[in-house]
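Take a look at the structure set out below.
There are 2 protein chains.
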Amino acid sequence: MNIENLKTLFAQSGLKFTNQRYLVYRVMVEARDHPSAETVWRRVRGEAPAISLDTVYRTLASFEARGLVIRVPGNGEEGRFDGNPMPHHHLVCLSCGSIDDFTMPGAGLSDLPPAVASWGRVRDAQVLVRGVCGKCLGLSENNQPA
Amino acid sequence: MNIENLKTLFAQSGLKFTNQRYLVYRVMVEARDHPSAETVWRRVRGEAPAISLDTVYRTLASFEARGLVIRVPGNGEEGRFDGNPMPHHHLVCLSCGSIDDFTMPGAGLSDLPPAVASWGRVRDAQVLVRGVCGKCLGLSENNQPA
DNA sequence: GTAGATGCAAATTGTTTGCAAGAGA
DNA sequence: TCTCTTGCAAACAATTTGCATCTAC
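Which chain is which? The protein sequence lines are A and B, in order.
If you count by our numbering, then the first sequence holds residues 157 to 302, one letter each, in order.
If you count by our numbering, then the second sequence holds residues 157 to 302, one letter each, in order.
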């Protein structure tokens, strides 16, 4: 997304266009690893060393409120964010905390049972798989005594 | 579950049978509202006024590690726990924080796409729906100026 | 010019930990 | 008895907030 489009997007969302927001947004769109606020902060500081962590928190919160980023339902640790606007599902590693995406036909918003509609208004739906990723499984194998 | 069975269950899990664990377990099995640690604490204190909050945290953590309770993937607020051992899905209200259950055929462990198996070892899988529950929708309607 | 955004520091909240005393097996 | 568990208080980490300054519009 070029800068003009982004200015328009921010304006439509009622957000002023600031350098901090621009950088946070760019980091989020480029990230594939569902970074935490602090991780975003570290990345953004590469280009804006003076940005403060609370600005990153505030920026992510306002993005989330406007649907520009999504908060990944994690396992109770620190909040993780996702800049990918396409609906998708998540694999959470309980060992290293990594979060990966996957897709699954038949598990979209339109596939939810009717009972959900009577519950209230749905904002998003996803499958959340928890387990231990292959990398961590390999590590624990290597740690076994020979 | 009667006390003898529970003693056996704890013993099999390598847990000593203590009054605190007994009470926490009972609260969790009876709860339908996916309580937070502090909510569990408040309920348990009805019968054991001297129990401390950190004991509840430790107890829930050891139960979770042994699969006796499940941590509900929430939205970044406080941890919520579920004593229902049957696989099921969750509806999370972003307004009041309530968590409800629902069931959905075709969204169980056996329905996950093959790509998930190559990711690693799966511990559990669930559909997580976020939105605003009917009660909160009603409240916000009532709050509208006439 | 004005409302909204930022940086700093302090406060808040949820959760974990060290340690000494207590209780289950 | 001996290890595991508990309570207390202190420590911790993630996130939020008050306020003065600054900036986009």
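C-beta atoms are modelled at their ideal positions from N, C-alpha and C, and glycine is treated no differently.
Inset, instruction - Look up residue 159(B) in the DSSP assignment and say whether it is helix, strand or coil. - result: Residue state, collapsed to three classes: helix.
Legend entry - As assigned by DSSP and simplified to three states, the class of residue 301(A): Because the pLDDT of residue 301(A) is 40, which lies under 50, any placement of that residue in the model is unreliable, and the question is left without a value.
Inset, instruction - Could you confirm whether any beta carbon from chain A is found closer than 8 Å to the beta carbon of residue 205(B)? - result: Not one chain A Cβ lies under 8 Å of residue 205(B).
Inset, instruction - Run down chain B in chain order and give the residues with a C-beta less than 9 Å from the C-beta of residue 279(A). - result: Taking the beta carbon of residue 279(A) as reference, the chain B residues within 9 Å of it are 250, 285, 286, 287 and 288, listed in sequence order.
Inset, instruction - Pair every Cβ in the stretch 285-292 of chain A with every Cβ in the stretch 238-254 of chain A, then say whether three or more of these pairs are closer than 8 Å. - result: A contact between stretches requires three or more CB pairs, one per stretch, nearer than 8 Å, and the stretch 285-292 of chain A meets this requirement with the stretch 238-254 of chain A.
Legend entry - Cβ-Cβ distance between residue 269(B) and residue 260(A) below 8 Å: For residue 269(B) and residue 260(A), yes; Cβs fall inside 8 Å.
Legend entry - Selection from 262(A), 235(A) and 233(A) that minimises the alpha carbon distance to residue 243(A): Selected option, being the one with the closest Cα: 262(A).
Legend entry - Contact with chain B by residue 172(A), beta-carbon distance below 8 Å: By this cut-off, residue 172(A) is not an interface position.
Inset, instruction - Under 8 Å by Cβ, that's how I've got residue 276(B) and residue 293(A) pegged, so tell me the actual separation to the nearest angstrom. - result: Contact flag correct, Cβ pair sits at about 6 Å.
Legend entry - Partner residues on chain A for residue 230(B), Cβ-Cβ distance less than 8 Å: Those are 229 and 232, listed as they occur along chain A.
Legend entry - beta strand (DSSP E) runs wholly inside the stretch 194-236 of chain B, at least 3 long, in chain order: If we require 3 residues or more, the beta strand (DSSP E) runs fully inside the stretch 194-236 of chain B come out as 226-228.
Inset, instruction - Can you give me the Cβ contacts of residue 272(A) inside the same chain, cut-off strictly under 7 Å, excluding the 5 residues immediately before and after it? - result: The beta carbon of residue 272(A) lies closer than 7 Å to those of 278 in the same chain, with the five residues before and after it left out.
Legend entry - Contacting residues, own chain, Cβ-Cβ under 7 Å from residue 176(B) (five flanking each side not counted): The answer, listed in chain order, is 204, 207, 211 and 215.
Legend entry - residue 182(A): first and last residue of the uninterrupted alpha helix (DSSP H) it sits in: Run containing residue 182(A): 175-186, per the alpha helix (DSSP H) assignment.
Legend entry - Burial state of residue 159(B) (16 or more Cβ within 10 Å): With a threshold of 16 other beta carbon atoms within 10 Å, residue 159(B) falls short and is exposed.
Legend entry - Residue of 255(A), 280(A), 258(A) and 256(A) minimising C-alpha distance to residue 267(A): Out of 255(A), 280(A), 258(A) and 256(A), 280(A) has the C-alpha closest to the C-alpha of residue 267(A).
Inset, instruction - Starting from the Cα of residue 291(A), find the closest Cα among 264(A), 282(A), 221(A) and 255(A) and give me that residue. - result: Checked all of 264(A), 282(A), 221(A) and 255(A); the closest Cα to residue 291(A) is 255(A).
Legend entry - Distance between beta carbons of residue 171(B) and residue 200(B), contact taken as under 8 Å: Their Cβ separation, rounded to whole angstroms, is 16 Å, which puts residue 200(B) and residue 171(B) out of contact at 8 Å.
Inset, instruction - Check the Cβ-Cβ distances between residue 293(B) and every residue of chain A, and say whether any is below 8 Å. - result: Residue-level contact by beta carbon holds for residue 293(B) and chain A, with a gap shorter than 8 Å.
Inset, instruction - For my contact list, residue 237(A) and residue 191(A) are in at a C-beta cut-off of 8 Å; report their separation, rounded to the angstrom. - result: Contact check for residue 237(A) and residue 191(A): beta-carbon distance about 6 Å, within the 8 Å limit, so the pair qualifies.
Inset, instruction - Identify each residue in the stretch 184-213 of chain A for which the Cβ-Cβ distance to at least one residue of chain B is less than 7 Å, and report them in chain order. - result: Listed by position along the chain: nothing, the set is empty.
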